[in-house]
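In short: position in the sequence shown from 1, add 5, done, that's the working numbering.
Glycine is no exception: its CB is placed at the ideal position from the N, C-alpha and C atoms.
Working notes, beginning with the structure itself.
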Amino acid sequence: MSYLVRRGTVVAVTDIVDDDPAYLSVTVECPDDEYVDLGGQGSTSYRLGLTGHDAVQLLQLARDGGPPPDILFAGRLVVRHEPSTGMSFPEVEAEYVGLAFTDPRIDRA
Numbered sequence: 006m007s008y009l010v011r012r013g014t015v016v017a018v019t020d021i022v023d024d025d026p027a028y029l030s031v032t033v034e035c036p037d038d039e040y041v042d043l044g045g046q047g048s049t050s051y052r053l054g055l056t057g058h059d060a061v062q063l064l065q066l067a068r069d070g071g072p073p074p075d076i077l078f079a080g081r082l083v084v085r086h087e088p089s090t091g092m093s094f095p096e097v098e099a100e101y102v103g104l105a106f107t108d109p110r111i112d113r114a
């Protein structure tokens, strides 16, 4: 497994536990910077499992009706197996989540 630090835009927020905002699954779309020099404009989506204060804050931002939050996250990339579908998917066990400097909510004054 590897450790990664990425910046991206939140494209989906899903409750893991009904009626508890402290447990979320968040999908973040990140630009593939390594392909920009080659003329490409690809992206990679990561699923983050968030708990606690980070989850509550991100859920509030996602529901405020403004632009989707740009976040910076760091964590361990793991592969999860979904027994109900038999499929595997990459997930980041996030150790840090915060608004990226590219997010319009950051006051630069």
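Thinking C-alpha only, which one of 51, 37, 78, 100 is nearest residue 93? Locating residue 93 in the sequence shown gives position 88, where the first residue counts as 1. Considering only alpha carbons, the answer is 51.
Collapsed DSSP secondary structure at residue 57 in the structure displayed: As a first step, residue 57 must be located in the sequence shown, where it is residue number 52. Helix, per DSSP.
Assess contact between the region 94-105 and the region 59-79, defined as three or more Cβ pairs (one per stretch) separated by less than 8 Å. Is contact present? yes
Can you list, in chain order, the residues of its chain whose CB lies under 7 Å from that of residue 100, leaving out five sequence neighbours each side? Against the sequence shown, residue 100 aligns to sequence position 95. These residues qualify, in order along the chain: 79, 80.
For residue 17, is the beta carbon positioned less than 8 Å from some heavy atom of the ligand NAP? As far as ligands go, the structure on display features none, and thus does not contain the ligand NAP.
Would the beta-carbon of residue 29 fall within 9 Å of that of residue 19? Position 24 of the sequence shown holds residue 29. Position 14 of the sequence shown holds residue 19. Going by C-beta atoms, residue 29 is nearer than 9 Å to residue 19.
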